[in-house]
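Chemist:
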Amino acid sequence: RTRINLPPGAQAGDFKLDPCIFRAKRDRFRTERYPADYGVLVVPENRSKAESRLIALPVLRIRATGGDPLEPIFHLEGGPGGSNIEFVPPDWLLERHDVVLVGYRGADGSSILHCPTVKKAIRGKGNDLLGEKSQTNLAEAVRRDAQSLIESGVDLSGYTIIDVIEDIEQVRKGLGYEHINLLSESYGTRVAQIYAAMYPGSLFRSAM
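Laid out in structure tokens, this is it:
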């Protein structure tokens, strides 16, 4: 998970990337370096509330190594709860495509939803994950962690797949891409599926 701080004086919609070098460890002895851009997207925690607090999400663009690149690829990690900023694209993918990673709200950025009680309860009780005691214990753990997050100032209604999709679409527009490809796995395939329904005009291809 990638934690970052909300920039001083940040306003909703702020989006800036700075040049950097992306280091990809290919094996024990080889690390490749690629030109990239890294920065922060500032968005409301809850877009439906004018008074919502702001959160910051990390954004990484690894630039295509070849000339005349095709449509960029936005990678969507699994989970839910996994970081979406740690994918290391293979060489052959970068030959013709920029690869863009937009941090998942709740898993990356200035607001990470830690759920220690759920993490423990999800192991189950008595080696029976689907037993009544395990299910009751897990439901209580979810309630307790949710309440703890709310008391800390988190607006849980702002952490849906729809919100994740709006973050991705905002980055697409900010980077000036007319169409993008989606490369998704596990939970990310649900994000890709709903993105395609919401923004079919923004999508070139989707590999799930």
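Taking the working numbering, the leading residue of the sequence shown gets 2, the next gets one more, and so forth. Each residue gets a CB set at the ideal place from its N, CA and C atoms; glycine is no exception.
1) Starting from the Cα of Ile169, find the closest Cα among Lys50, Asp129, Leu77 and give me that residue.
2) Given a threshold of 16 other Cβ atoms within 10 Å of its Cβ, counted over all protein chains shown, does Val89 qualify as buried or as exposed?
3) Label Phe30 either buried or exposed according to how many other C-beta atoms from any shown protein chain fall within 10 Å of its C-beta, with 16 as the threshold for buried.
4) Please classify Asp164 as buried or exposed, where buried requires at least 16 neighbouring CB atoms within 10 angstroms.
5) With 16 other CB atoms within 10 Å as the buried threshold, where does Asn128 fall?
6) Which residue's Cα is closest to the Cα of Ala57: Glu72, Pro8, Ser49, Arg97?
7) Can you tell which of Leu18, Pro45, Lys17, Gly202 has the C-alpha that lies nearest to the C-alpha of Ser158?
8) Would DSSP call Ala57 helix, strand or coil?
9) Determine the direct distance from the alpha carbon of Leu204 to that of Ile195, and round the result to whole angstroms.
10) Count the other C-beta atoms from every protein chain shown that fall within 10 angstroms of the C-beta of Pro213, then say buried if there are 16 or more, exposed otherwise.
11) Short of 6 Å in beta carbon distance, which residues of its chain neighbour Gly177, apart from the five on each side in sequence? Order them along the chain.
12) Any heavy atom of the ligand SAH inside 7 Å of the beta-carbon of Arg62?
Modeler: Judging by the given coordinates:
1) Leu77
2) exposed
3) exposed
4) buried
5) Around the beta-carbon of Asn128, fewer than 16 other beta-carbon atoms lie within 10 Å, marking it exposed.
6) Across the set Glu72, Pro8, Ser49, Arg97, the C-alpha of Pro8 shows the shortest separation from the C-alpha of Ala57.
7) Pro45
8) Note: Ala57 maps to strand in three-state DSSP.
9) 12 Å
10) The structure shown does not extend to residue 213, since the chain is modelled only from 2 to 209, so the question has no answer here.
11) none
12) Of ligands this structure carries none, so the ligand SAH is not represented either.
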